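S.K.: Quick one: structure below, then a few questions.
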C-alpha cells in the first residue's frame, strides 16, 4: 500500500466534517450515515484520487455511490448473512499472530505510562468509566481528567512511533481491534486515535496517525472492500450541501445524566415555548459555522444545560435563571472567546467562538542548554481578532492558555487553539522574548531556546534579599521599562530610552522595602548590577470613629501620593495592556485595589508603606462623608474621628429612557467631586436600584454630593452622569437616560481609527466589553478598515474616520437599539 502524502492528509482532514454532514443529508439514519462517511474516507486513504475532479467532488461521488449500494442491501440482511460474512473474513493464523503482537505492544505501551496517566487510561478505556465519573472518583476537576487523557494518548502514540517507526504501520496493524474485539482491545485501540468514543470516520484513523488526533468507533471494512467501493461515480443531481468547517471536528462523549435533578428552571433542551428559549451560534476563528458541536452553560445556581449546534452552527437552550458561563463541551476543542454573564442572559443571541485544541509540551533552555525555571509561556490572542466577527461579543473573555516552566525547564499547555495566525510567546527575566507559529498538531517535545539581549540599552543583574538570597518574582523598573526577576533573582531590561540623571532602578517585592540604585548615564553599567531589598515595609493601623465617638465599620481608607513605579501588564488580559502602578501597590501585592475597609469596631490596617508621611483619606460611602488626615507610616495606634457634615435629608427621583419609559432595576449612585483622576480618586456612595416605576431615593447624604450616576447592562460602560445644578429639585429628579447601541465599522483600509459624535459635536465614549476587562475609549482602532463590535450612546449622530492622525471623513449615522449596527461609509 502506498504512503499517503502529508499534504493529502491535510486536505482529507479538512473535508471530514463536510463528508459526514453530506452523509447525514443523504440518509436519514445518522448511524448509517457515519458508517458510510467513514467508508468514503477509507476509500480516499486506500486509493487517493488522482488529478481528475476536486477532492470534494470525488468524495461526493463515492459517498453517493455508497448510499445507493446501501439502499440495495437494506432489507436483505439477516443473521445467516452476517454469519457468512464473518466466516468469509476470517483471518489466517499468521494474521492472528500479527494482531496478537500488535495487541501486546499496545498493552506494554500502556504499562510504561507514568502516573497519573496510566491510571486515567485504565479507568477510562479498561473499566469504561466516563471522565465525569473519573473526576468524582479521584477528586480531580473534569478538565484535568480530559487533559490527562489527551496527554496520555499523545504519549502512547509517541511510544508506539518510537517502537515501530512509521505510525501508519502500527495503526493499520491495530485496526482490526477497533471493530471486532470486545473489551480492552477495542476500547484501548480506538482510544489511541480518539479523544471520545463517538463514531466518526475509520479512514480518519489513519489520517490522524499521520496528521493529528480524531475520533473512531465502529467496524473496520476490509481493504479489498474499500478498494471496490473507491471507484468514483458522477455526482447525482445538485442538492444543497452543508458548508465545511476549517478543522476536523471531535464530538463529545455522551455521559450519563446527573443523578440529582436540575434545579427548577435549569436550562435543558426541551420543547418549551419559544419565549423561554435562549439562542446562540458556534463559529470558528474564520467566522464559519461549526455544526454538531456540544456546548454547555454552567449557571451560578448550579444548573447545567447542554445543547448541540445544528448544520448552521445554531443551538437553543432553555433560558437560564442566573448568571454563568458558556463553554465548549467537546474534548479536542477549546474556546477563543468564552461568554460569561453576571446575571441571567438577556434576549440577545450569544456567540461562542471555538477552535480545535492541541497539546504542547517541551522544555525552555538558554543558549548553553541550561534549563530555565520560571519561563512564562502563553498564546495571546491579538486584539484585532475580534474585528473579524460580525457579531456582538460583549462579556466574552479571550481565552489565552498560559503555563510556567518548572525547574527542569519543562512545560505543558493543554487546549491550545489552532488557527487564526496565533503564536506561542515565551518570556523569561533576562532573556529576549521568543515568538513562534503554533504547531497544528500535538507537539510534546518542543525545545525553546531563549537568547540574552545585547546592546547599550540593556540593564541586567540580580535581586537579592537582605541576607543575599535570590529574590524571584520581584518587579524591576527603570523609566518606562519594567520586568520581573527570575528564579535566581536575575533580571534584564531593554530600555525604551537611556536614563537621565537622577532616575532610579528599583526592585519591589512584597514583604521587603524596595531596592534602589541610581545609574549614571555616562558610566558603563555592566551585567552584574545587584539590587538588595530592605527590611519589611511599614503599616498604618487604628480605628475610625464618628463625631460622637462611635466606631464606623465599613468606611474606606487609602493613602494619597503613593510613589509611582511604572507601567505593568494586566495578567491574563484580552490584550497587552500596561497600567500604571505605585510602589506601595506592588508591596501590598494588589496594585489594582487602592482602598481597605474598616472592620468590626472601625478597626483598619494599611500595609506595604514606605518610610514617609502620607495623606490618609477616610470615606463613609453610606453618607458620602469625607475626611483627610496627615499621618506618618509606622503609626499603628491611630484614632481617626470623622467630622460631621451637613446632610441632605432626602435625594430622590425617577429614571426613564429617552422615550419616557421607566427603567427598572438599574443602579443609581451618588458622587462627590473626585480627588484627582482615575478610579483611585472617584468618590461614589452605595448603589440603590430603581423600582418597577424607575424610582429611587437616598436619605441623609452629604450636601457635597455633586452628581448622580446611572449604571446598568443596557447603558454605556461608564454609565450616565447627571451633574446636579442649583435649580434642580433634589427630591424629584427626572433623569432621561440614553441607552447604548452596538456598532461595528467596515471602512476602507486607509482609515485607522474612528470616533462618534452627538448632535452637539461632543465626542462620545466608546465601550469595549472583553469579559474580565472593559475599556472606555474616545476612539476605536480599525484593523484593515474594520472594528470589533463596541457600544456607544444612542445619541450618536456622526461617524468620524481618522487616518494618519487627521480627520479624513465625516458621515451622518442613524443607529438602532437591539441589533448590531454595521456602518459602511
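Numbering (the numbering used here), first residue to last: 503 to 1327.
All C-beta atoms, glycine included, are put in the ideal place defined by N, C-alpha and C.
All values derive from a computational prediction rather than experimental measurement.
Residue 1132: buried (16+ other C-beta within 10 angstroms of its C-beta) or exposed?
M.R.: exposed
S.K.: Distance, Cα to Cα, residue 951 vs residue 970?
M.R.: 29 Å
S.K.: What do you get for residue 822, buried or exposed, if any count of 16 or more other CB atoms within 10 angstroms of its CB means buried?
M.R.: buried
S.K.: Within 10 angstroms of the Cβ of residue 1251, are there 16 or more other Cβ atoms? Answer buried if so, exposed if not.
M.R.: Result: exposed.
S.K.: Taking the alpha-carbon of residue 820 as reference, which of 832, 829 and 806 has the nearest alpha-carbon?
M.R.: Nearest in C-alpha terms to residue 820, of all of 832, 829 and 806, is 806.
S.K.: As a quick exercise: from 949, 944 and 623, pick the residue whose alpha carbon is nearest that of residue 937.
M.R.: 949
S.K.: Hey, would you say residue 1226 sits closer than 8 Å to residue 1210, going by beta carbons?
M.R.: yes
S.K.: On the criterion of 16 or more Cβ atoms from any shown chain inside 10 Å, does residue 560 qualify as buried, or is it exposed?
M.R.: buried
S.K.: Determine, using beta-carbon pairs with one atom in the region 1302-1312 and one in the region 1230-1243, whether at least three such pairs fall under 8 Å.
M.R.: no
S.K.: For residue 1062, tell me which candidate among 876, 1085 and 1046 has the shortest Cα-Cα distance.
M.R.: 1085
S.K.: Nearest to residue 1255 by CA position, among 1241, 1285 and 832, is which residue?
M.R.: That would be 1285, whose Cα lies nearest to the Cα of residue 1255.
S.K.: List in chain order: all unbroken beta strand (DSSP E) runs of 3+ residues lying wholly within the region 947-1021.
M.R.: 960-966, 977-980, 983-986, 992-996, 1006-1010 and 1017-1020
S.K.: Would you call the region 1154-1166 in contact with the region 1091-1105, where contact means no fewer than 3 C-beta pairs closer than 8 Å?
M.R.: No contact exists between the region 1154-1166 and the region 1091-1105.
S.K.: According to DSSP, simplified to helix, strand and coil, what is residue 886?
M.R.: helix
S.K.: Check residue 571 in the structure and name its three-state DSSP category.
M.R.: helix
S.K.: Could you tell me the alpha carbon to alpha carbon distance between residue 1330 and residue 893, rounded to whole angstroms?
M.R.: Nothing about residue 1330 can be read from this structure; the chain reaches only from 503 to 1327.
S.K.: Short of 7 Å in beta carbon distance, which residues of its chain neighbour residue 772, apart from the five on each side in sequence? Order them along the chain.
M.R.: With a pLDDT of 35 at residue 772, under the threshold of 50, the modelled position of this residue cannot be trusted, and the question is left open.
S.K.: Taking a contact to mean a Cβ-Cβ separation below 8 Å, would you say residue 1112 touches residue 1007 in this structure?
M.R.: no
S.K.: Within 10 angstroms of its Cβ, does residue 1037 collect 16 or more other Cβ (buried), or is it exposed?
M.R.: exposed
S.K.: Please classify residue 1117 as buried or exposed, where buried requires at least 16 other C-beta atoms within 10 Å of its C-beta.
M.R.: exposed
S.K.: Please return the same chain residues whose Cβ sits closer than 6 Å to the Cβ of residue 1177, not counting the five positions on each side in sequence.
M.R.: 1183
S.K.: Which residue from 980, 961, 902 and 989 puts its Cα closest to that of residue 908?
M.R.: 989
S.K.: What's the gap between the Cα of residue 648 and the Cα of residue 626?
M.R.: 10 Å
S.K.: Between residue 1258 and residue 1300, how many whole angstroms is the CB-CB distance? I'm expecting something under 8 Å.
M.R.: Between residue 1258 and residue 1300 the beta-carbon gap is near 7 Å, inside 8 Å, which marks them as a contact.
S.K.: What does a CB cutoff of less than 8 Å around residue 1043 pick up in its chain, not counting 5 residues either side in sequence?
M.R.: 1105, 1106, 1107, 1108, 1137, 1138, 1139 and 1140
S.K.: By Cβ distance below 7 Å, which residues in the same chain neighbour residue 619 in space, the five residues on each side in sequence not counted?
M.R.: 650, 653, 654 and 657
S.K.: Does the beta carbon of residue 1163 fall short of 7 Å from some heavy atom of the ligand MG?
M.R.: The model depicted lacks the ligand MG and carries no ligand whatsoever.
S.K.: Nearest-angstrom Cα distance between residue 1215 and residue 851?
M.R.: 15 Å
S.K.: Hey, is the region 911-922 in contact with the region 1285-1295, meaning 3+ C-beta pairs nearer than 8 Å?
M.R.: no
S.K.: Could you pull the DSSP bridge partners for residue 914 from this structure?
M.R.: 863
S.K.: Does residue 560 come out as helix, strand or coil in the three-state DSSP assignment?
M.R.: helix
S.K.: Measure the CB-CB distance between residue 1143 and residue 1049 and report whether it falls below 8 Å.
M.R.: yes
S.K.: For residue 762, count neighbouring Cβ atoms within 10 angstroms of its own Cβ and tell me buried if that reaches 16, exposed if not.
M.R.: Unreliable placement is indicated for residue 762, whose pLDDT of 36 sits below 50; no coordinate value is reported for it.
S.K.: What would DSSP say about residue 619, mapped onto helix, strand or coil?
M.R.: helix
S.K.: With residue 1127 and residue 1204 assumed to form a contact (beta carbons below 8 Å), what rounded beta-carbon distance in angstroms separates them?
M.R.: 5 Å
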